[in-house]
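Per this note's numbering, residue 206 is the first one in the sequence shown, and the count goes up by one each step.
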Amino acid sequence: MRALVTGASSGIGEEFAVRLAEEGWDLVLVARRGDLLEALAERLMGSYGVEVGVLVCDLSEVGAARRVTEFAPEVDLLISNAGFGYPGDFGSVDVVDDVGLVQLNCVTPMELAHFYMPRMRLAGSGKILFVSSSLGFQGVPYMAQYSATKGYLVNLGESLYWEGKADGVGVSVLCPGATDTPGKDHFDIDYSKLPIKWMGVGEVVSTALKYVGRKPIIIPGFRNHFLSCIGGGLYTRRHVQRFMKVLYGRLGR
Ligand SMILES: NC(=O)c1ccc[n+]([C@@H]2O[C@H](COP(=O)([O-])OP(=O)(O)OC[C@H]3O[C@@H](n4cnc5c(N)ncnc54)[C@H](OP(=O)(O)O)[C@@H]3O)[C@@H](O)[C@H]2O)c1
């Protein structure tokens with residue numbers, strides 16, 4: 206059995222790679238930092254005797270998904286995890302960067318699923334996990350692009366869950382809340398301004414692996430579950446957005 210993990214050089218993706226190797230999965234690891242991927246691959250092959258292939262690829266580039274599928278035409282599990290986002294006023298970054306963000310967070314995951322899902326359907330088995338975010342359940346002022354792209358994954362994955370079910374293909378969307386990964390240090394943000402309770406990657410990935418293919422939306426942790434119920438409720442969306450505006454506005458626009 207072979208799993209493909211995008212964004213495996215760090216954080217949630219790295220934890221997926223480790224946990225899957227422990228379970229005996231052969232792996233294909235994709236990200237931009239080849240040195241980190243190679244080191245991880247060596248470690249996993251040495252510790253668990255699995256086969257690990259490494260592809261260095263910028264998934265925000267047009268055509269990236271094709272490079273991935275040419276490198277790994279057959280996989281039994283796709284973890285579409287690589288993603289990114291930045292806080293700030295909409296329009297404050299170059300539009301080229303915003304287009305790249307949509308490519309990374311939406312287009313590449315869609316293209317990967319587009320390639321693998323029909324093959325899994327034909328085989329009558331296979332799983333796909335999109336890594337979205339709790340911020341994908343509603344618009345988030347000052348995180349507009351991030352929440353919009355993650356919302357795309359929620360709707361795409363939820364739809365594909367029902368389409369795949371009849372053919373033996375399990376599709377799920379993982380929606381973590383704040384998770385303690387190196388990703389949180391990409392910005393000069395004073396997190397003490399936000400009422401954040403960080404969850405460990407171990408708990409996030411354990412929950413994901415338990416429910417992948419069995420539930421359309423996977424939300425790790427009771428607190429995140431509760432908050433997402435509020436965020437997803439139609440009647441309260443406006444209130445949640447007001448709250449988010451105050452919250453993310455504090456990060457400095
Ligand atoms: N941490 C959180 O609080 C949180 C909450 C909700 C959702 N998420 C989501 O979880 C996923 C993983 O995030 P993380 O927290 O684990 O962050 P992270 O530690 O920064 O890891 C992000 C991974 O994505 C890869 N990546 C980023 N841009 C890429 C690109 N252009 N091409 C290829 N790979 C790229 C990075 O690898 P390279 O830099 O080597 O390319 C890295 O392996 C993301 O989709 C994120 O949106 C995170």
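Using N, Cα and C, we set each Cβ at its ideal position, and we do this for glycine too.
The Cβ neighbour count for Ile-401, taken over all protein chains shown within 10 Å, is under 16; the residue is labelled exposed. Sequence-distant partners of Val-410 (beyond 5 residues in either direction) whose C-beta falls short of 8 Å from its own C-beta, in its chain, are Ile-217, Glu-220, Phe-221 and Arg-224. A distance below 7 Å between beta-carbons, with the five flanking residues on each side excluded, links Thr-313 to the following residues of its chain, in chain order: Leu-264, Ala-269 and Ala-270. With a cutoff of 7 Å, Asn-360 does not count as near ligand 1, since its C-beta is closer than that to no heavy atom of the ligand.
For the pair Gly-331 and Val-374, the CB atoms are nearer than the 8 Å cut-off.
Linking Glu-279 to Arg-207 through their CA atoms gives a straight-line distance of about 8 Å.
About 5 Å separates the beta carbons of Phe-295 and Ala-349, which is inside the 8 Å limit, making them a contact pair. Rounded to whole angstroms, the gap between the alpha carbons of Glu-363 and Gly-382 is 18 Å.
At least one heavy atom of ligand 1 falls within 7 Å of the beta-carbon of Arg-237. Asp-231 is bridged by DSSP to Arg-207.
Around His-430, the same chain offers Ile-424 as residues with beta carbons nearer than 7 Å, after the five sequence neighbours per side are excluded. Taken in chain order, the segment 373 to 406 contains no complete alpha helix (DSSP H) segment of 4 residues or longer. Rounded to whole angstroms, Glu-227 and Tyr-453 show a C-alpha spacing of 38 Å. Closest in alpha carbon position to Asp-302, among Val-445, Val-378, Glu-266 and Cys-380, is Glu-266. With a 10 Å radius around the Cβ and a threshold of 16 neighbouring Cβ atoms, Cys-434 comes out exposed. Under the three-state reduction of DSSP output, Phe-295 falls in the coil class, being neither helix nor strand.
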